[in-house]
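Peer 1: Note that the UniProt record's numbering numbers the sequence shown so that position 21 is 21, with each residue one more than the last.
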Amino acid sequence: MGTVIKSQGTDLYWASLNGDVNRVVCATNISGLGGARDQIETSCLDNTTDKTFVGGLGTPGQVTVGFNVHKNEISHEELLALKESGDVVSWGIYSSDGTTVPVADSNAVLQPVPDRASAIFQGYVSDINIDIAGNDIWKGTITIQRSGSVDFDMTTA
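What follows is the structure in structure tokens.
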């Protein structure tokens, strides 16, 4: 039986178009790596009970990332700029079972690292929402529209 991956220590990174690797500071949750596959109907006129289907292309979903807003945090300012630019960049979620910082290849795509499980995908920041409530801290939500599949690497050295 495999070992579970603790969420504490998980990091979210993105690679700028120039290949610089940036970490989302103080992410509090990440969800939405799924995306349903389209249905292509294959039913014939002589079908009399149920329609038949084959799987089509996947429809990448949106990844939502909660974070605590920090004053003077450059990565939070860079995320706001990334939303304004609409650039599709490489994103990577890296597990807590290591500390190696990922690097981007010559195409500015994040790479798996040997000591951390990862999920790497392409996407653009479609929205950043900031919530301010009484007796609380400023909290934000980043919405990343995925473009293409998620490359999971669940093996670690």
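Backbone N, C-alpha and C fix where the C-beta goes; we use that ideal spot for every residue, glycine too.
(1) Relative to the C-alpha of residue 18, which candidate in 11, 82 and 155 has its C-alpha closest?
(2) Just reading off the beta strand (DSSP E) that residue 81 is part of, what are its end residues?
(3) For the stretch 137-144 and the stretch 51-67, state whether three or more C-beta atom pairs, one from each stretch, are separated by less than 8 Å.
(4) Alpha carbon to alpha carbon, how far is residue 128 from residue 53?
(5) Measure the beta-carbon distance from residue 85 to residue 25 and round it to whole angstroms, keeping in mind my assumption that it falls under 8 Å.
(6) Could you please give me the residues that DSSP links to residue 104 through a beta bridge?
(7) If I'm right that residue 63 touches residue 146 with Cβ under 8 Å, what's the distance once you round it to whole angstroms?
(8) Distance check for residue 21 and residue 104, CA to CA, integer angstroms please.
Peer 2: Answer, in terms of the structure:
(1) 82
(2) That residue, residue 81, is in no beta strand (DSSP E); its alpha helix (DSSP H) goes 74-85.
(3) yes
(4) 37 Å
(5) No, residue 85 and residue 25 are not in contact; Cβ-Cβ is about 19 Å, not under 8 Å.
(6) 110
(7) 6 Å
(8) 7 Å
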